[in-house]
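One structure is given here, and the rest of the page talks about it.
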Amino acid sequence: MSIAPPIQSIVIVGGGTAGWMTAAAISHVLQGKVKITLVESDAIATVGVGEATIPPIILFNKLLGVDEVAFIKATQATFKLGIEFRNWTRQGHSYFHPFGQYGTRMGAAGFYQYWLRLNAAGLDDDLGDYSPCTMAARLGRFAMPEPDPRSVRSQMTYAFHFDASLYAKFLRGRAEASGVVRREGKVVDVNLREPDGFIESIRLDDGEVLGADFFIDCSGFRGLLIEGALKTGYEDWTHWLPANRAVAVPSTRVADPHPYTRATALEAGWQWGIPLQHRTGNGYVYSSEFISDDDAGTRLLGNLDGKPMADLNFLRFTTGRRKKTWNKNCLSLGLASGFIEPLESTSIHLIQAGITKLLLTFPDTAFAQPDIDNYNKLMQKEFERVRDFVCLHYHATERTDQPLWRMTGAMTVPDSLKEKMDLFRSRGRVYRYEDELFQEASWVAVLLGQGVIPQRADPITDIVPMDELQARLKHIKAMIRDGVERMPTHDQFIRANCQAPAWDS
Ligand SMILES: Cc1cc2nc3c(=O)[nH]c(=O)nc-3n(C[C@H](O)[C@H](O)[C@H](O)COP(=O)(O)OP(=O)(O)OC[C@H]3O[C@@H](n4cnc5c(N)ncnc54)[C@H](O)[C@@H]3O)c2cc1C
């Protein structure tokens, strides 16, 4: 039996966040054993957004051996403890989806189940009071997690907001230092091999032909290789997630940055606010069925706290996923592989998940089909679970004041989401699929926040006497408040530990 030769050359098409994350990660892991070329065109802009992340990015930084302070300074980053959702459930209402857990272990059921039981008996307080990340966000505080499990700080869980273009630049520096060669040029043609249709080479606008064993398509929404050349097909999820446009603009910093992302529901979608050290990122994600581009732009500008720092950046997208993330000798990552709108800041994570799975399924030149099929199955699940979680926000709403919200409130959701909602409505239980990205606490935060209330708490909580429960919760709440009040403000923390250089352009 002959063994297929190893991969000796990789071409990555695209130098946005996906391209440089991929280049930095695989060059770091493959340690110069494979020739990696990244092709990007200065004439084709990157999407220019993508500034909020979720906690697994810490693992990505660790994989790359990134110094966190250097990374924060280089990308003008701030810390993120969760997302504040305004006006999603009803006008004037807000809730917080924190990172990390609620409370502490109490018994057989999750902490929130005991809280549900007390609340049903009339306790009437906020589950957020039991989440260190929610409390720190409310009070504008931040501290690093501590290893001592008795400390409130041990439950601090964080991610970052950063400047997308500075992040790509930061990663580019690391990738080039690990031997990645950047080639400026526009891909104008893709040559397929006979008879199997694998990609043989790409041709650039200056006539150069670049061949490789393995191609990674990070060319953004256009999916130049995976769709343009290989016609892989796309699953459209617009019927579940109707937004298909966004308009973005940075604005001047007017206050100390808050340690969370803000997502405010508007008439035809929602607006993000992402505070960085040097500026604020803003955008309106909307459905073109319910508002024109001009009106969306005007609405966004009218809502800014600071002064706009650039022209409006209008973007169009179709929510969904490529039918196969990996097809023949071409893997797609980033927007080329699909897109779920940024409500829960999951796209950069999906790039990371795609890279991690690639490293666990690294091919040889035979491109074993069972491995590719398994990879595609895993990525499909990743996308579908994120889709369900984001869809929940649109569907579980009491809003009927605008056509968009009436439509999403009445829509038929994916069966997998319906099962989750039914289960929660019954006894407050959350079933997480194996390896599912969002933790129990995330589902609980959003389900309760969006007004999905269980008929009753898990019956196993009944074994704890009510007065004992009350005393324990009171104690936990006080401990968390006390621990959070001792933390520095988010701004003080940044100034003392990781302040970025003053920004002059
Ligand atoms: C409105 C909006 C908000 C978002 N917010 C978030 C967020 O908060 N958090 C998050 O995680 N994600 C977010 N995302 C997603 C995030 O922006 C992307 O996942 C991320 O930027 C990766 O983009 P990309 O690298 O795949 O594509 P792009 O940034 O579009 O890069 C494509 C690259 O391909 C190159 N290219 C294209 N065609 C050619 C060609 N013919 N020849 C040579 N080069 C070519 C371009 O030059 C460019 O370098 C958001 C996306 C949108 C649309």
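So the sequence shown is residues 75 to 579, counted in my numbering.
Glycine is no exception: its CB is placed at the ideal position from the N, C-alpha and C atoms.
Owing to the predicted nature of the structure, the values given are computational and were not obtained by experimental measurement.
Excluding the five sequence neighbours on either side, which residues of its own chain have a C-beta within less than 7 Å of the C-beta of residue i, listed in chain order?
i	result
Ala241	Per the sequence shown, residue 241 should be read as Tyr rather than Ala. Excluding residues within five positions, the ones whose Cβ falls inside 7 Å are Thr91, Thr149.
Phe572	The question names Phe, but residue 572 is Cys in the sequence shown. Answer for Cys572: Val143, Ile146, Lys147, listed in chain order.
Asp237	Glu125, Thr149, Gln150, Leu350
Ser168	Glu158, Phe159, Arg160
Ile550	Gly177, Thr178, Tyr204
Pro477	Phe364
Lys397	Thr306, Gly307, Tyr308, Glu309
Asn135	Glu142, Phe145
Output needed for residue i: all residues of its chain with C-beta closer than 6 Å, excluding positions within five of it in sequence on either side, in chain order.
i	result
Leu521	Phe498
Thr584	Past the boundaries of the shown model lies residue 584; the chain is included only from 75 to 579, so the question cannot be answered.
Ile610	The structure shown does not extend to residue 610, since the chain spans only 75 to 579, so no value can be given for it.
Ile554	Pro206, Met209, Val226
Leu374	Val321, Tyr358
Trp577	His352
Ala370	Val321, Tyr358, Tyr360
Arg395	Glu309, Gly412, Phe457
Thr111	Val85, Val255, Arg257
Gly202	Phe170, Thr208
Lys408	In the sequence on display, residue 408 carries Gly and not Lys. Cβ neighbours of Gly408 beyond the five flanking positions: Ala92, Cys292, Ile425.
Take the Cβ of residue i as the centre, count every other Cβ of all protein chains shown within 10 Å, and call the residue buried at 16 or more, exposed below.
i	result
Val283	exposed
Glu559	exposed
Asp565	buried
Leu434	exposed
Phe153	buried
Met540	exposed
Leu298	buried
Gln443	exposed
Leu133	exposed
Ala515	buried
Gln175	buried
Ile77	exposed
Ala574	buried
Arg248	buried
Val262	exposed
Thr482	buried
Gln345	buried
Thr486	exposed
Asp532	buried
Excluding the 5 residues flanking residue i on each side, which residues of the same chain have their C-beta closer than 8 Å to its C-beta?
i	result
Asp589	Beyond the ends of the chain as shown, which are 75 and 579, falls residue 589; an answer cannot be given.
Met383	Val323, Pro324, Ser325, Thr326, Arg353
Thr127	Lys154, Ala233, Phe234, His235, Phe236, Ser419, Ile422, His423
Ser500	Pro528, Gln529
Ile100	Ile84, Val108, Ile110, Ile429, Leu432, Leu433
Arg506	Phe512, Gln513, Glu514, Trp517
How about residue i and residue j: are their beta carbons less than 8 Å apart?
i	j	result
Val538	Tyr308	no
Ser361	Pro316	yes
Glu258	Asp368	no
His102	Leu138	yes
Met218	Met209	no
Cys414	Val359	For the sequence presented, residue 414 should be read as Ile rather than Cys. Their beta carbons are not under 8 Å apart, which means Ile414 does not touch Val359 by this criterion.
Arg319	Leu389	yes
Trp94	Arg296	no
Ser419	Leu378	no
Thr163	Gly502	no
Ile81	Ala97	no
Glu458	Ser406	no
Ser293	Ala119	no
Pro562	Phe216	yes
Ala182	Ile534	yes
Gly302	Val328	no
Lys305	Asp279	no
Asn387	Phe288	no
Pro488	Asp509	no
Ala470	Val526	yes
_For the stretch 428-446 against the stretch 481-499, do three or more pairs of beta-carbon atoms, one drawn from each stretch, fall closer than 8 Å, so that the two count as touching?_
no
*Quick one: complete beta strand (DSSP E) runs, 3+ long, within the stretch 447-476?*
none
*Does the count of Cβ pairs from the stretch 123-133 and the stretch 261-272 closer than 8 Å reach three?*
no
*Per the contact definition of three or more C-beta pairs closer than 8 Å, is the stretch 314-334 in contact with the stretch 423-432?*
no
*Could I get the ranges of all uninterrupted alpha helix (DSSP H) runs contained in the stretch 465-535, with 4 residues as the minimum, in chain order?*
477-484, 489-501, 514-523
*asked:* Would you call the stretch 219-226 in contact with the stretch 296-314, where contact means no fewer than 3 C-beta pairs closer than 8 Å?
replied: Short answer: they don't touch.
_Residue ranges of each beta strand (DSSP E) within the stretch 166-218, 3 or longer_ = 168-172
_Complete runs of the beta strand (DSSP E) confined to the stretch 338-426 [at least 3 residues]_ = 343-349, 353-360, 387-390, 394-396, 404-406
*Whole beta strand (DSSP E) runs in the stretch 236-274 with 3 or more residues, listed along the chain?*
255-258, 261-266
_Runs of 4 residues minimum, wholly inside the stretch 87-140: which ones carry the alpha helix (DSSP H) assignment?_
91-104, 131-138
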